[in-house]
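J.: First, the structure itself, so that you have it in front of you.
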Amino acid sequence: MTFTSNPLKVISALFVILISTSTFAQQDFQGKAYYQTKTSMDMSDFGGRQMSEQQKKQIQERMKGFLEKKYTLTFTQTESMYKEEDKLEAPGTGGGGRGFGMMSSFSGGDQYKNIKDKQILEDQEFFGKQFLVKDSLSNLDWEMGTETRQIGQYMCFKATAVKKVDEFDWTNMRRPGGREDEKKTDSTATADKSKDSIAEIEIPKEIIVTAWYTPQIPVNNGPGEYWGLPGLILEVSAGKTVILCTKIVLNPAEKEEIKKPSKGKEVTRAEYNKIVKEKMEEMSEMYGGRGGRGGGGRGN
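Here it is as structure tokens:
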């Protein structure tokens, strides 16, 4: 973790941290932060010439549920639970073909973090099977800047890091031969490119992450997998996804118990990715080049 220049701002930030830490240390507090996420996706090259603009527009509408989500982060000094808010699908927007079924299978479930034990657990259902993905928290090498910004009533500081991208992170997917600026980024394909639209998706190996955190809430936590800064992370820009905190409630009247998830077959992230890859290859062989191109059509 490194600081950029401008010592006056750094000293000011440390002063805010000391005051806030002293205040929060006096009580066994709990907080709840509400986030909304939005992932941008360029559909201009999707489906190639075989798909009309009208079809692309229809797919974008159907994908809106995957691209825009709402979450709650319930947190203490050492633990947190990150959950997607339940919502009803509009008629005709669910399912929608093999591509959408596969995409929904990449959507993560409830995510538990223990900052003290450096542990992360995630409920994950994949093609009807329940998994408990268990791993150590990966710590980003944050470069802490002095740039400040107000988010709601909280003063926030900027931090940046380079993050390795999970090979099945659909939010950063793109098609080969896309924009010029994307061609310059080293990338890897998730499966055999020659078969269908799912197999032709590429994921970049690394992305730049920009986070805004507030020392006024001195917890070493944030939305999703993000953590490791001296204050709650209120906003994250990572690749094509923006995560923004819209509301914070500290010490609610009714506190919510944070329970470790325990259901499902326990696997590491690497083991889970291997299971997903094998299933994708199986689906690719089963459907050949037919699926994904003609009818319709991947998660958070």
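When you line the sequence shown up against mature numbering (1 follows the signal peptide of the UniProt record, and there is no 0), it's residues -25 to -1, 1 to 275, in that order. C-beta atoms are modelled at their ideal positions from N, C-alpha and C, and glycine is treated no differently.
Whole angstroms are fine: how far does the CA of Ile34 sit from the CA of Leu112?
T.: In the sequence shown, residue 112 corresponds to position 137, counting from 1. In the sequence shown, residue 34 corresponds to position 59, counting from 1. Cα to Cα, the separation comes out at about 35 Å.
J.: I'd like the list of long-range same chain contacts for Ala8, defined as Cβ closer than 6 Å, with 5 residues on each side in sequence excluded.
T.: As a first step, residue 8 is located in the sequence shown; it is residue number 33 there, counting from the start. The residues are Leu48, Cys220, Ile223.
J.: To the nearest angstrom, report how far apart Gly84 and Pro193 are at their CA atoms.
T.: Position 109 of the sequence shown, counting from 1, holds the residue named residue 84. Position 218 of the sequence shown, counting from 1, holds the residue named residue 193. Answer to the nearest angstrom: the Cα atoms are 26 Å apart.
J.: Per DSSP, which residues does Trp187 bridge with? Please list them.
T.: In the sequence shown, residue 187 corresponds to position 212, counting from 1. Answer is Lys133, Glu210, bridged to Trp187.
J.: Determine the burial state of Asp161: buried for a count of at least 16 other Cβ atoms within 10 Å of its Cβ, exposed for fewer.
T.: Along the sequence shown, one-based indexing puts residue 161 at 186. Its pLDDT being 47, under 50, Asp161 is placed unreliably by the model, and the measurement read from it follows with that caveat. Its Cβ having fewer than 16 others within 10 Å, Asp161 is exposed.
J.: For Val251, name the three-state secondary structure that DSSP assigns.
T.: Within the sequence shown, the letter at position 276 stands for residue 251. If DSSP states are grouped into helix, strand and coil, Val251 belongs with the helices.
J.: Mind reading off the beta-carbon distance from Arg107 to Gly203? Whole number of angstroms is fine, and I expect it under 8 Å.
T.: Position 132 of the sequence shown, counted from the start, is the residue given in the question as residue 107. Position 228 of the sequence shown, counted from the start, is the residue given in the question as residue 203. Looking at the sequence provided, one finds Leu at residue 107 rather than Arg. 23 Å between Cβ atoms; not a contact.
J.: With 16 as the cutoff for other CB atoms within 10 Å, does Thr189 come out buried or exposed?
T.: The count along the sequence shown starts at 1 and reaches residue 189 at position 214. Thr189 should be labelled buried.
J.: Verify whether the separation of the beta carbon atoms of Pro198 and Tyr87 is less than 9 Å.
T.: The residue given as residue 198 occupies position 223 in the sequence shown. The residue given as residue 87 occupies position 112 in the sequence shown. Taking 9 Å as the Cβ cut-off, Pro198 and Tyr87 do not qualify as a contacting pair.
J.: What is the rounded straight-line gap between the Cα of Thr135 and the Cα of Met261?
T.: In the sequence shown, counting from the first residue as 1, residue 135 sits at position 160. In the sequence shown, counting from the first residue as 1, residue 261 sits at position 286. Rounded to the nearest angstrom, the two C-alpha atoms are 43 Å apart.
J.: Relative to the alpha-carbon of Thr12, which residue among Lys230, Lys44, Met255, Tyr129 has its alpha-carbon at the smallest distance?
T.: Counting from one through the sequence shown, the residue named residue 12 turns up at place 37. With distances taken between Cα atoms, Thr12 lies closest to Lys44.
J.: State buried or exposed for Asn226, treating a residue as buried only when at least 16 other CB atoms are found within 10 Å of its CB.
T.: The count along the sequence shown starts at 1 and reaches residue 226 at position 251. Its Cβ having fewer than 16 others within 10 Å, Asn226 is exposed.
J.: Among the candidates Thr216, Val211, Glu241, Lys230, whose CA atom is the shortest distance from the CA of Asp3?
T.: Against the sequence shown, residue 3 aligns to sequence position 28. Looking at the Cα atoms, Lys230 is the closest of the given residues.
J.: CB of Lys254 to nearest heavy atom of the ligand ZN: below 8 Å?
T.: Absence of the ligand ZN is noted for the structure shown, with no ligands found whatsoever.
J.: Measuring CB to CB, does Ala186 end up less than 9 Å from Val217?
T.: For this step, residue 186 is matched to residue 211 along the sequence shown. For this step, residue 217 is matched to residue 242 along the sequence shown. No. Outside cutoff.
J.: Work out the CA separation of Glu200 and Val140 for me, nearest whole Å.
T.: For the purposes of this step, residue 140 is taken as residue 165 along the sequence shown, with counting starting at 1. For the purposes of this step, residue 200 is taken as residue 225 along the sequence shown, with counting starting at 1. Each residue's alpha carbon lies about 12 Å from the other.
J.: Quick test of the definition: if touching needs 3 or more C-beta pairs under 8 Å, does the region 120 to 134 touch the region 88 to 105?
T.: Segments in contact, no.
J.: By alpha-carbon positions, which one of Met16, Cys131, Phe50, Gly239 ends up nearest to Glu36?
T.: To locate residue 36, count along the sequence shown from 1; it is residue 61. With distances taken between Cα atoms, Glu36 lies closest to Met16.
J.: Taking just the CA atoms, how far does Glu256 sit from Val184?
T.: Taking the first residue of the sequence shown as position 1, residue 184 is located at position 209. Taking the first residue of the sequence shown as position 1, residue 256 is located at position 281. In a straight line, the C-alpha of Val184 is about 31 Å away from that of Glu256.
J.: Which word fits Gln5, buried or exposed, when buried means at least 16 other C-beta atoms lie within 10 angstroms of its C-beta?
T.: The count along the sequence shown starts at 1 and reaches residue 5 at position 30. With 16 or more Cβ atoms within 10 Å of its Cβ, Gln5 is classed as buried.
J.: Rounded to whole angstroms, what's the CA-CA distance from Thr53 to Ile208? Just pull it up for me.
T.: Taking the sequence shown and counting its residues from 1, the one referred to as residue 53 is at position 78. Taking the sequence shown and counting its residues from 1, the one referred to as residue 208 is at position 233. The straight-line gap from Cα to Cα measures roughly 15 Å.
J.: Three-state secondary structure (DSSP) at Gly153?
T.: Along the sequence shown, read from residue 1 onward, the residue named residue 153 stands at position 178. Per-residue confidence for Gly153 stands at a pLDDT of 47, beneath the threshold of 50, marking its modelled position as unreliable; the derived number appears in the next sentence. It is coil, neither helix nor strand.
J.: Roughly how far, in whole angstroms, is the beta-carbon of Thr243 from the beta-carbon of Lys109, given that I think they are within contact range, below 8 Å?
T.: Translated into positions along the sequence shown, residue 243 becomes position 268. Translated into positions along the sequence shown, residue 109 becomes position 134. Right, the Cβ-Cβ distance comes to about 7 Å (below 8 Å), so this counts as a contact.
J.: Output the distance between the C-alpha atoms of Phe50 and Lys234, rounded to the nearest integer angstrom.
T.: For this step, residue 50 is matched to residue 75 along the sequence shown. For this step, residue 234 is matched to residue 259 along the sequence shown. Distance between the alpha carbons of Phe50 and Lys234 is about 11 Å.
J.: Could you tell me the distance, in whole angstroms, from the CA atom of Ile90 to the CA atom of Met26?
T.: For the purposes of this step, residue 90 is taken as the residue at position 115 of the sequence shown. For the purposes of this step, residue 26 is taken as the residue at position 51 of the sequence shown. Whole-angstrom Cα-Cα distance: 46 Å.
J.: Does the Cβ-Cβ distance between Gly239 and Gln94 come in under 9 Å?
T.: The count along the sequence shown starts at 1 and reaches residue 239 at position 264. The count along the sequence shown starts at 1 and reaches residue 94 at position 119. No, the pair does not count as a contact, with Cβ atoms beyond the cut-off.
J.: Please report the distance separating the alpha-carbon of Thr68 from that of Met56.
T.: Here residue 68 corresponds to residue number 93 of the sequence shown, with the count starting at 1. Here residue 56 corresponds to residue number 81 of the sequence shown, with the count starting at 1. Below a pLDDT of 50, predicted positions are generally treated as unreliable, and Thr68, at 46, falls in that range; the measurement from the model is reported next regardless. Thr68 and Met56: Cα-Cα distance of roughly 28 Å.
J.: Does the distance from the CB of Pro205 to the CB of Leu96 come in under 9 Å?
T.: On the sequence shown, position 230 is the one that residue 205 refers to. On the sequence shown, position 121 is the one that residue 96 refers to. The answer is no: Cβ separation not under 9 Å.
J.: For Val251, count neighbouring Cβ atoms within 10 angstroms of its own Cβ and tell me buried if that reaches 16, exposed if not.
T.: For this step, residue 251 is matched to residue 276 along the sequence shown. Its Cβ being crowded by 16 or more others within 10 Å, Val251 is buried.
J.: Taking the C-alpha atoms as reference points, what is the distance between Lys249 and Ala228?
T.: Stepping through the sequence shown from its first residue, residue 249 is reached at position 274. Stepping through the sequence shown from its first residue, residue 228 is reached at position 253. If you take the alpha carbons of Lys249 and Ala228, they lie about 43 Å apart.
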